[in-house]
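Numbering (the UniProt record's numbering), first residue to last: 1 to 754.
Heads up, the beta-carbon is just placed ideally off N, CA and C, and yes, glycines get one too.
All figures in this text were calculated on a predicted structure; none of them were measured in a lab.
One structure below.
Given below as structure tokens:
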């Protein structure tokens, strides 16, 4: 007994039997509908020759559409099937005759049978079979068959075969000679075919310059081809002085040193071609070609599309040897142009990050400066500030709208880029500049991008102004509140930077409008209440006790404000009342507005001038909330200047300045309108302890409750009651501050316990 078939063999046999049955089923139903389509599908899905032959031999096909013939022929991949189908057509004269089948063209494919065979890459045997069966390669819709064969890249054997069946092809294609030659150069890569054209009467010089220079820009070029053309009379040094041809040769990605050397030996000069290096880099990108062109004296600084060869190599991440060769041969390093340092831009897969850094350091040593966008990419790759700082060792290339400091503040290098802020200071960059879009300052951008506390603090420490306005009159607080900057950073802006949350922008919106948390909103309002209170006092003309005469009007002030802010009384300044006659009423009001609350929004130069005349040397130190609070604290410690008493039980009293009561308490503001100006005391009707009243009075000066005052918790409720009784202005809310401080105190105790 023979070996038992394996399981795999049995499975293969079963599949073959199943396929055979399916084919037989197809053959049985072939005559039911559209027999020509059935043959077409069988050819398309590569049914074996035997199956198709069986259909033909059974004579099952009675009708067939003429337009299907070419489709059938183009699907045949062997001579047996070709012969079978055409023989069948020949035996049925009632259908079609053989000449029509072979010569006519399909209405759908618009080509004859030879073209169909060429288009579908048929073998030379099939094309030869068609030609032997009287299929003449005539034109089809104005397209020469030989032209079509050349364009589709047929082999030299097929081209020669077509020529051999066209005895009068020279005369018939005379009008197509130039285009045929050009097509041959463009689409044909066989040097023997070009020789065939020449042998059959084509002269390359007949088509003048275009045939040579144009076609060589579309095809592989070799010294062999150049020598062939030279044999036909082409003189390279005389083709438009060699320039046009050289340009096209160097544009080729397949240009080689051998080709260029041949052209030099033929008398071509490269010195006259300005764009030779940049164009060869764009198309060829060959290092040996670059070195050859540099040795021939080509200009390494000639520009094309505003790019020099060096910048092009940097932009497109060529290897270091290209860049080094250009610089060593005279390429100028651009320091501050818009395209100065694209190498550090967004990464590509052309070179590795390590190689990119190697090239970057080489270029920096040569004097090229990095740009902010590229440095951002380096930081994202390395997460190392040291690498970024090292790349900036010679400086940074900046344009008007692309300053390094703004890239740092917008979070390109993380949320707390202190090392790079320090680098910006070292580079002497202006922390108050407004060169960014809509004239926003670095602090505007930092608040918009929510930089961390330490970075904001560094900006403030180095001169950033939180009340600086952009084109929309927005301050940094507009961006901080609208973008949800943490409360800790907000109070840093308020305390260290004296930021004003009540400045109105062009949309008539204050920063405080954007605060969503009601408790935080109350706390911020409370924090700035002293400024608001004294500003309101400035606007209450009915409470003034001194008249100021300007050049075009009068206004009233409180005499006590002079002692508070200037440290002098009106009697000590005999020139005071007369000096304002040289200023108009608006300038005068702007000065006193600043004197009352520390805010100077207009006529700042005039305000500073008046302040200096009154002995104020450091204007900024007395400005904003901090300046006002500082003077109030000094005034609080001077008991001799306090001119009002609040009587408490057992003959005790608390001294206070009447001006402070006027500014900060609605109760006293209303009271002093109705009573005599000489009134200098009032009884305390709150019934609270002296300690609570003293703390309340201290709050009016300091505008805050210190942590040491929280030791006695029984004072908390009394302070709230006292503040409500004396009707503090809407901004001054002691209870909110107490709750905030109490919460911080509890968290600290909890951390200690844990």
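Item: Which of helix, strand or coil does DSSP assign to residue 255?; Value: coil
Item: Return the first residue and the last residue of the alpha helix (DSSP H) that residue 630 is part of.; Value: 624-636
Item: What separation, rounded to the nearest whole angstrom, lies between the Cα atoms of residue 115 and residue 131?; Value: 12 angstroms
Item: Could you give the residue range of the alpha helix (DSSP H) that holds residue 611?; Value: 604-613
Item: Starting from residue 404, follow the alpha helix (DSSP H) in both directions and report where the run begins and ends.; Value: 404-409
Item: Check residue 132 in the structure and name its three-state DSSP category.; Value: helix
Item: According to DSSP, is residue 791 helix, strand or coil?; Value: Here the chain comprises residues numbered 1 to 754, so residue 791 is not present and cannot be evaluated.
Item: Work out the CA separation of residue 284 and residue 255 for me, nearest whole Å.; Value: 6 angstroms
Item: Count the other CB atoms, across all protein chains shown, that sit within 10 Å of the CB of residue 597; report buried if there are 16 or more and exposed otherwise.; Value: buried
Item: Looking only at its chain, what residues have a beta carbon closer than 8 angstroms to the beta carbon of residue 157, apart from the 5 residues adjacent to it on each side?; Value: 124
Item: Within a Cβ cutoff of 6 angstroms, which residues of the same chain sit near residue 624, ignoring the five residues on either side of it in sequence?; Value: 498 and 598
Item: With distances taken Cα to Cα, identify the nearest neighbour of residue 757 among 312, 259, 266 and 318.; Value: No answer is possible for residue 757: it lies beyond the span of the chain, which begins at 1 and ends at 754.
Item: Could you give the uninterrupted runs of the alpha helix (DSSP H) lying entirely in the region 503-583, keeping only those of 4 residues or more?; Value: 518-527, 529-539, 559-566 and 576-579
Item: Out of 656, 379, 495 and 351, which has the shortest C-alpha to C-alpha gap to residue 461?; Value: 495
Item: With a Cβ-Cβ cutoff of 8 angstroms, do residue 561 and residue 554 count as a contact?; Value: no
Item: Rounded C-beta distance between residue 602 and residue 590? I'm assuming under 8 angstroms.; Value: 6 angstroms
Item: Suppose you measure from the CA of residue 313 to the CA of residue 381; what does that come to, to the nearest Å?; Value: 22 angstroms
Item: How far does the beta strand (DSSP E) with residue 681 in it extend, from its first residue to its last?; Value: 681-683
Item: Within a Cβ cutoff of 6 angstroms, which residues of the same chain sit near residue 11, ignoring the five residues on either side of it in sequence?; Value: none
Item: Using only alpha-carbon positions, find the residue among 386, 700 and 426 that is nearest to residue 531.; Value: 700
Item: Which residue's Cα is closest to the Cα of residue 456: 485, 537 and 728?; Value: 485
Item: Would residue 403 be called buried (16 or more neighbouring beta carbons within 10 Å of its own) or exposed?; Value: buried
Item: Do you know how far the Cα of residue 483 is from the Cα of residue 509?; Value: 15 angstroms
Item: Using the C-alpha atoms, what's the distance from residue 681 back to residue 665?; Value: 15 angstroms
Item: Considering Cα atoms alone, identify which of 311, 261, 299 and 305 is closest to residue 288.; Value: 261
Item: Within its chain, find whatever has a CB closer than 6 angstroms to the CB of residue 99; leave out the 5 residues flanking it on each side and keep chain order.; Value: In this predicted model, residue 99 has a pLDDT of only 39, less than 50, meaning its place in the structure is not dependable; the value taken from the coordinates is given anyway. There are no such residues.
Item: Decide if residue 353 is buried, meaning its Cβ has at least 16 other Cβ atoms within 10 Å, or exposed.; Value: exposed
Item: Which same chain residues, not among the five before or five after residue 755, have their C-beta less than 7 angstroms away from its C-beta?; Value: In the structure as shown, the chain starts at 1 and stops at 754, and residue 755 therefore has no counterpart that could be examined.
Item: How big is the Cα-Cα spacing for residue 481 and residue 593?; Value: 26 angstroms
Item: Between 379, 395 and 396, which lies nearest to residue 388 when the distance is taken from Cα to Cα?; Value: 379
Item: Tell me whether residue 268 is buried or exposed, calling it buried when 16 or more other Cβ atoms sit within 10 Å of its Cβ.; Value: buried
Item: According to the neighbour-count rule (16 or more other Cβ atoms, all chains shown, within 10 Å of its Cβ), is residue 17 buried or exposed?; Value: exposed
Item: Return the first residue and the last residue of the alpha helix (DSSP H) that residue 653 is part of.; Value: No alpha helix (DSSP H) contains residue 653, which is instead part of the beta strand (DSSP E) from 653-656.
Item: Pairing CB atoms from the region 568-582 with CB atoms from the region 534-542, are three or more of them under 8 angstroms?; Value: no
Item: Quick one: Cα of residue 726 to Cα of residue 667, how far?; Value: 5 angstroms
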